[in-house]
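Asks: The structure follows.
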Amino acid sequence: MTGAAYGEQVARVRSEVAALHHELVRYGLVAWTAGNISERVPGTDFFIIKPSGVGYGELTPASLILCDLAGRPVPGTSGTGLAPSSDTAAHAYVYRHMSGVGGVVHTHSPYATAWAARGEPVPCVLTAMADEFGGDIPVGPFAVIGDDSIGRGIVSTLAGHRSRAVLMRNHGPFTIGRNARDAVKAAVMLEDVARTVHLSRQLGEPAPIDPGAIDTLFHRYQNVYGQPGAPAASPAAASPAPSPLTPATGTPSTPGVQ
Ligand SMILES: O=C(CO)[C@@H](O)[C@H](O)COP(=O)(O)O
């Protein structure tokens, strides 16, 4: 990648990640400064992430932070006067260990977080869940904030799963995607199904879906749904089944940073 192409990619990712943070607010997935989004700069060993504790209304492309895959801010680049998100080490761990992942999102969306507080997987009782997640939404371990413990919990829970969402116990949801927009979509869809399954539970025990039907629904949604030629619905469609995850093999180095 040339230096100019690299600069364009970084600028594009900064704009996209800034805009997507506003989507978290629009969909009611976060309160105050909770939550964060990151996106890998394609073809590089870097990602862009939110600064810690900055109000959503103040987030701009220039305030976001460029980090290497160890989670270290790149000195001299825009935004490095600010501390990166508390979850930077977790995001970095995911990028290092899941090469197919290009975006990571964390929210405290109320219904999904309520399931996380109970430590209970959301059972796959809706076609929308089968479509989007291919099964239950799993629960990850309790993990402290600030180091890579959360990242290790995300990776160990989602490895071998079709779900792009994990409920970190007593904390909240983390979602992954082929890019940040895809991971935000997973966060929105997760909250929708967590709410509906919760409501269903108030009426009685929701009926499970046959595993064969879940497979059929997942396959159709990932490969047929939408317009011909449009991007696949999730990273799972671009990777061998059943998981969107592939072992990290390293990414090319990058000419210059910004
Ligand atoms: O729950 C957590 C910490 O995991 C976060 O959602 C914080 O609430 C927001 O942290 P920053 O990204 O602003 O540091």
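Using the working numbering, the first residue of the sequence shown is number 635, and each one after it goes up by one.
A virtual CB, placed ideally from N, CA and C, is assigned to each residue, including glycine.
No experiment lies behind these values; they were computed from the predicted model shown.
Decide if H740 is buried, meaning its Cβ has at least 16 other Cβ atoms within 10 Å, or exposed.
Replies: H740 should be labelled buried.
Asks: Quick one: what's got a C-beta closer than 7 Å to G687's C-beta in the same chain, skipping five residues either side?
Replies: Contacts found: T667.
Asks: Would you list the residues whose beta-carbon is nearer than 5 Å to any heavy atom of ligand 1, in the order they occur in the chain?
Replies: With the cut-off at 5 Å, the residues found are T667, A668, G669, N670, S686, G687, S719, S720, D721, I779.
Asks: Looking at H725: is its Cβ nearer than 7 Å to the Cβ of I788?
Replies: Result no, Cβ atoms of H725 and I788 do not sit closer than 7 Å.
Asks: Who pairs with P685 in a beta bridge, going by DSSP?
Replies: Partner(s): P718.
Asks: In the DSSP assignment, what are the bridge partners of L700?
Replies: Its beta-bridge partners are I682.
Asks: Jot down the residue ranges of each uninterrupted alpha helix (DSSP H) in the segment 719 to 760, minimum 4 residues, whole runs only, in chain order.
Replies: Runs found: 722 to 731, 744 to 752.
Asks: On the three-pair Cβ rule with 8 Å, is the segment 744 to 755 touching the segment 796 to 812?
Replies: With a cut-off of 8 Å, the segment 796 to 812 and the segment 744 to 755 count as touching, because enough Cβ pairs lie within range.
Asks: Assuming R674 is part of the beta strand (DSSP E), what are its boundary residues?
Replies: That run of the beta strand (DSSP E) goes 670 to 674.
Asks: Taking three-plus beta-carbon pairs below 8 Å as touching, is the segment 809 to 819 in contact with the segment 646 to 662?
Replies: Touching, yes.
Asks: Which same chain residues end up closer than 8 Å to P842 when comparing Cβ atoms and leaving out the 5 residues on each side of it in sequence?
Replies: These residues qualify, in order along the chain: P757, C758, V759.
Asks: How about I771 and A799: are their beta carbons less than 7 Å apart?
Replies: Yes. Within cutoff.
Asks: Looking only at its chain, what residues have a beta carbon closer than 8 Å to the beta carbon of G689, apart from the 5 residues adjacent to it on each side?
Replies: Answer for G689: W666, T667, listed in chain order.
Asks: Have a look at F680 and D781 and give me their C-alpha separation to the nearest angstrom.
Replies: One C-alpha to the other measures close to 18 Å.
Asks: Are the CB atoms of M732 and G677 within a distance shorter than 7 Å?
Replies: Not in contact: G677 and M732 (Cβ atoms no closer than 7 Å).
Asks: Would you give the residue range spanned by the beta strand (DSSP E) that F852 belongs to?
Replies: It is not in any beta strand (DSSP E) - F852 instead sits in the alpha helix (DSSP H) that spans 845 to 857.
Asks: Where are the beta strand (DSSP E) runs, 3 residues long or more, that stay fully inside the segment 776 to 825, in chain order?
Replies: Those beta strand (DSSP E) runs which fall completely within the segment 776 to 825 and span 3+ residues are 799 to 802, 806 to 811.
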